[in-house]
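Chains as they are written, first to last, in this note's numbering: chain W, 41 to 414; chain E, 33 to 407. Backbone N, C-alpha and C define an ideal beta-carbon position, used for all residues, glycine too. Here the structure is a predicted model, which is why all the values come from computation and not from measurement.
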Amino acid sequence: MRLLSLVKKEILQLLRDKVLIFILLWAFTGMIYTAGSGISLEVKNFPTIIYDMSHSPESRELVSKFQKPYFKILAYVNTEKEITEWLDSGKASMAVVIPPDFKRNIDGQGAKIQVIIDGTMSMSATMAVSYVATITYKYAIKLLERKMRVTQKFFNDIPILDERTRVEFNPNTLTSWFMSLLELFNVTTMVSLLLTSAALVREKEYGTIEQLLVTPVRTWEIFFAKIFPTCLSVGAFSLISIFLMIKGVFKVPIRGSLFLFYPVMIFYVFTMSSLGIAIATVARNLAQSMMLMLVILTPMLMLSGAWTPPESMQPLMRYLSLASPMRYFIDFGYSVLFKGNGIVYVWKDIVGIIFMGILLFSFSIWWFGKKIAK
Amino acid sequence: MFSRLGAILKKEFRELIRDPLYLSLTLFVPVVILILMGYGLILDVKNIPVAFVDFDRSALSRDYRHSFTNSEYFKFYSLVGSYKEAYELIQSGKCRVVVVIPPDFSRKLYSGKPAEVQFIVDGSFPSRAEIIKGYVSAINNQFNQNLLHDFSLMKGVSIKFPIDAELRAWYNPALESKNFILPGMLVTTLMFYPVLIASLVVVREKESGSIFNIYCSPVKSWEVVFGKAIPYITVSFVTYLILFAITVGVFKTKFIGSFFVLTLATLLYLACTIGVGIFISTIAKTQITAMLIAFLGTITPSFMYSGFFSPVTSMGITGQIMSKFVTATYFIGVVRGVYLKGLGLSHYLPNILSLIFYALAVYCLAILFFRKRIG
Chain W
41 MRLLSLVKKE ILQLLRDKVL IFILLWAFTG MIYTAGSGIS LEVKNFPTII YDMSHSPESR
101 ELVSKFQKPY FKILAYVNTE KEITEWLDSG KASMAVVIPP DFKRNIDGQG AKIQVIIDGT
161 MSMSATMAVS YVATITYKYA IKLLERKMRV TQKFFNDIPI LDERTRVEFN PNTLTSWFMS
221 LLELFNVTTM VSLLLTSAAL VREKEYGTIE QLLVTPVRTW EIFFAKIFPT CLSVGAFSLI
281 SIFLMIKGVF KVPIRGSLFL FYPVMIFYVF TMSSLGIAIA TVARNLAQSM MLMLVILTPM
341 LMLSGAWTPP ESMQPLMRYL SLASPMRYFI DFGYSVLFKG NGIVYVWKDI VGIIFMGILL
401 FSFSIWWFGK KIAK
Chain E
33 MFSRLGAILK KEFRELIRDP LYLSLTLFVP VVILILMGYG LILDVKNIPV AFVDFDRSAL
93 SRDYRHSFTN SEYFKFYSLV GSYKEAYELI QSGKCRVVVV IPPDFSRKLY SGKPAEVQFI
153 VDGSFPSRAE IIKGYVSAIN NQFNQNLLHD FSLMKGVSIK FPIDAELRAW YNPALESKNF
213 ILPGMLVTTL MFYPVLIASL VVVREKESGS IFNIYCSPVK SWEVVFGKAI PYITVSFVTY
273 LILFAITVGV FKTKFIGSFF VLTLATLLYL ACTIGVGIFI STIAKTQITA MLIAFLGTIT
333 PSFMYSGFFS PVTSMGITGQ IMSKFVTATY FIGVVRGVYL KGLGLSHYLP NILSLIFYAL
393 AVYCLAILFF RKRIG
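This is the structure we're talking about:
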């Protein structure tokens with residue numbers, strides 16, 4: 041009964057802030073839309089210039105392979121100096137240089153083309169280079185086969201390894217599927233942490249927490265009442281987001297069971313809210329709690345495993361990342377929604393989320409009892 | 033008129049200094065973030081766990097498997113007997129790629145025919161899948177060139193591989209990701225952190241009611257806005273100096289440009305980001321709203337839309353529009369340029385002009401929205 045009236049108070053307080061509700065709605069729809077449709081992590085329209093000194097049919101044929109969507113040829117240049125200008129200014133990120141003896145060497149000892157790439161963006165540079173390698177390689181094989189047919193009539197085939205790659209779960213490596221889900225996970229994480237933490241710190245700043253302390257409510261009841269509206273609102277908004285944006289707009293194939301995903305997500309909201317409560321019990325005002333959240337949230341979001349593969353992290357960072365509930369949630373979320381895995385595969389992640397949640401919630405109660413309730 | 037601005041400045045500076053815990057947090061937090069991310073944000077895809085299904089089990093197929101496991105990019109996970117087991121490894125996420133070698137692999141290749149090899153790549157992280165595909169192709173190309181060489185020796189004819197692409201990476205010859213991440217981290221940290229510290233300065237006074245003191249005093253809107261902005265620009269400028277020292281001193285990032293140019297651009301940039309924070313603060317009614325806008329609007333967008341991970345030119349149209357609003361977009365070119373390309377000031381003029389324009393727009397908006405009125 042006590043708990044019920046506390047929860048009612050918190051929900052009323054949340055609902056009264058219309059601007060806040062609007063921001064939440066935008067976060068769960070608009071932000072997911074822009075992330076899903078706007079971001080592409082693969083290399084597309086890579087700005088390229090060509091310096092063709094050979095002017096032969098073969099060089100033109102090779103250049104014609106550098107096409108959209110991967111590359112966008114901005115210009116044909118005629119001097120080395122122009123290459124420097126294009127790359128220095130950052131207008132072009134790659135230059136393909138075809139030497140004058142290109143045609144002669146194709147038939148002779150093998151021609152070399154030079155690819156100059158802007159190394160300042162090493163990730164997209166690595167991808168672009170691998171596309172270039174594949175393009176030239178495929179063209180080389182084609183030339184070779186053509187040559188075989190003309191000169192050596194006695195064999196038709198050459199022994200090559202024919203690579204057939206299938207990308208499982210996302211055959212066309214669509215970034216929109218990945219990004220829209222990631223943004224949902226990001227927004228869920230941020231909102232659960234911020235809303236709950238701010239709600240408690242505000243009471244501390246105003247001094248209304250003293251009023252709560254003189255009532256017979258227990259500490260856990262105060263905290264639970266703070267967490268409940270967050271779970272409720274994030275739960276509702278994420279449903280809108282899953283059905284309207286992720287399934288509706290981006291047509292992400294949800295292979296797993298939403299009945300498994302949804303309860304765990306709500307518990308994850310509880311875990312992140314408990315982290316928010318823990319921060320709020322330590323911080324004295326909102327500005328301080330904001331700094332603490334910043335230092336926790338940024339590494340958590342960026343090192344969740346979505347950007348950085350856990351297997352290539354340094355061992356120390358990999359162990360540190362085990363303390364982050366989001367690491368488990370990202371793993372769980374993609375595994376269930378995207379790969380369609382059942383509980384057998386993800387029980388470890390669920391245990392991680394529940395364990396961190398209980399740990400943080402008990403820490404908050406203990407710390408609060410020690411520092412404030414006295 | 034400047035005496036009023038001076039008085040506000042004095043008050044704001046004093047308020048900052050009076051909370052030493054907060055002041056040390058503002059200096060300490062970005063440093064911790066930079067160090068954690070500098071060590072943790074590794075975008076090189078390495079040690080990818082790979083499993084093999086080898087139906088051939090010949091000397092050639094073993095050689096082929098070794099070409100994967102000997103490279104630094106792949107790490108041997110297991111050799112499984114059936115397709116189903118391999119698929120299970122992908123499904124559970126234990127392996128990122130499975131190589132299926134057909135039973136007639138060596139027979140076909142030795143008799144001069146092409147052989148099909150199947151690769152199954154985990155696509156749950158698409159950019160990683162693309163990079164893995166690139167590595168797989170590179171290994172296959174190398175293997176094919178060796179095959180061709182052996183074959184031509186065997187047949188007694190000379191077959192030379194006709195084209196080879198030679199790579200040269202300018203500005204970052206070894207394509208080291210730290211030279212790419214740390215300048216980027218400087219940009220993003222100086223984006224979200226100033227916005228956050230500035231986002232509370234006006235709205236805090238609105239909530240506590242002390243804003244009425246300003247309303248009924250003769251100060252002008254612009255005096256309040258600049259009076260609040262300058263102390264925070266100062267604090268974040270000190271942070272910039274520390275962060276810069278860490279990127280160059282601790283992480284040994286390549287730095288060949290002019291410190292003066294970087295500092296000049298940074299001052300402009302900080303003026304913009306602090307301005308964004310103050311603008312958020314003037315439009316928000318409560319501290320929670322201001323904080324939520326600041327967090328949601330800066331942390332992930334500064335990474336996603338600024339061109340940190342992938343060039344803006346690769347983005348879709350909505351992403352390109354978003355990137356125009358993110359201050360970091362204009363600054364990241366300058367920072368990467370100064371750190372790695374070391375060009376003169378004239379190369380950055382378009383970006384610097386954009387920053388000046390951005391600053392003007394933001395402060396005009398902030399002054400416009402700071403109405404000395406109740407309600």
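Here the alpha carbon of Ser169 of chain E sits roughly 22 Å from the alpha carbon of Ser90 of chain E.
Below 8 Å, enough C-beta pairs join the segment 378-396 of chain W and the segment 307-314 of chain W to call them touching: three or more. For Glu162 of chain E, the residues of chain W that pass the 7 Å Cβ criterion are Glu82, Met167, Thr213, in the order they occur in the chain.
Going by DSSP, Leu46 of chain W is part of the alpha helix (DSSP H) stretching over 42-56. Excluding its 5 nearest sequence neighbours in each direction, Ile286 of chain W has C-beta neighbours in its own chain below 6 Å: Ser220, Val292, listed in chain order. Contact note: Asn102 of chain E does not reach chain W at a C-beta cutoff of 9 Å; the least C-beta distance is about 17 Å. Following the DSSP letters along the chain, one finds Val257 of chain W in no beta strand (DSSP E), marked with neither H nor E. Nearest CB-CB separation between Ile72 of chain W and chain E: not below the 8 Å threshold. A direct Cα-Cα distance of roughly 14 Å separates Lys140 of chain E from Tyr96 of chain E.
For Asn210 of chain W, at least one C-beta of chain E is nearer than 8 Å to its own C-beta. The bridge partners DSSP lists for Leu111 of chain E are E:Phe84.
The way I'd put it, the segment 200-211 of chain W doesn't touch the segment 296-303 of chain E; fewer than three beta-carbon pairs between them come closer than 8 Å. In this chain, the beta strand (DSSP E) harbouring Thr88 of chain W covers 86-92.
Listed in chain order, the non-local C-beta contacts of Asn204 of chain E below 8 Å within the same chain comprise Asn211, Phe212, Lys286, Leu372, local neighbours out to five positions each way being set aside. DSSP lists W:Asp158 as the bridge partner or partners of Trp202 of chain E. Under a 10 Å Cβ-count criterion, Lys165 of chain E is classified as buried, with 16 or more other Cβ atoms of the shown protein chains found around its own Cβ. For a cut-off of 8 Å, the C-beta gap from Val257 of chain E to Ile399 of chain E is around 5 Å, short enough to register as a contact.
Under the three-state reduction of DSSP, Phe269 of chain E is assigned to helix. Taking a 10 Å sphere around the C-beta of His181 of chain E, we find fewer than 16 other C-beta atoms and assign the residue as exposed.
Ala151 of chain W carries a strand assignment under DSSP once its states are collapsed to helix, strand and coil. Residue-level contact check: Arg368 of chain E touches chain W, since one or more beta carbons of chain W fall below 8 Å from its beta carbon. Within the segment 63-83 of chain E, Val64, Ile65, Leu68, Met69, Tyr71, Gly72, Leu73, Ile74, Leu75, Asp76, Val77, Lys78, Asn79, Ile80, Pro81 place their CB atoms closer than 9 Å to a CB of chain W, listed in sequence order. As summarised for the segment 207-251 of chain W, the continuous alpha helix (DSSP H) elements at least 4 residues long and confined to that stretch are 215-246, given in chain order. Excluding the 5 residues flanking it on each side, Ala316 of chain E has same chain C-beta neighbours closer than 7 Å at Val235, Ala322, Ile325, in chain order. Contact fails between the segment 153-160 of chain E and the segment 97-110 of chain E, because fewer than three Cβ pairs, one in each stretch, are under 8 Å apart. With contact defined as three or more Cβ pairs closer than 8 Å, the segment 288-307 of chain W and the segment 248-257 of chain W are not in contact. Taking the Cα of Glu104 of chain E as reference, the smallest distance to any Cα among E:Gly241, E:Phe269, E:Tyr167, E:Asn172 is reached at E:Tyr167. Short of 6 Å from the beta carbon of Met366 of chain W, and not among the five residues preceding or following it, lie these beta carbons of its own chain, in chain order: Thr229, Met340, Ser344. Contiguous alpha helix (DSSP H) elements confined to the segment 304-370 of chain E occur at 319-336, 349-357, 360-368, taking only those with 4 or more residues. Contact check for Leu377 of chain W against Leu228 of chain E fails: the beta carbons are separated by 8 Å or more. In this structure, DSSP gives Ala135 of chain W an extended state, which the three-state scheme calls strand. Between Ala201 of chain E and Gly159 of chain W a beta carbon distance of about 4 Å is seen, short of the 8 Å cut, so the two are scored as contacting. For Glu203 of chain W, the secondary structure class from DSSP, reduced to helix, strand or coil, is strand. In this structure, Thr271 of chain E keeps its C-beta atom at 8 Å or more from the C-beta atom of Thr305 of chain E. Under the three-state reduction of DSSP output, Ile278 of chain E falls in the helix class.
Distance between Ile249 of chain W and Met331 of chain W, taken at the CA atoms: about 22 Å.
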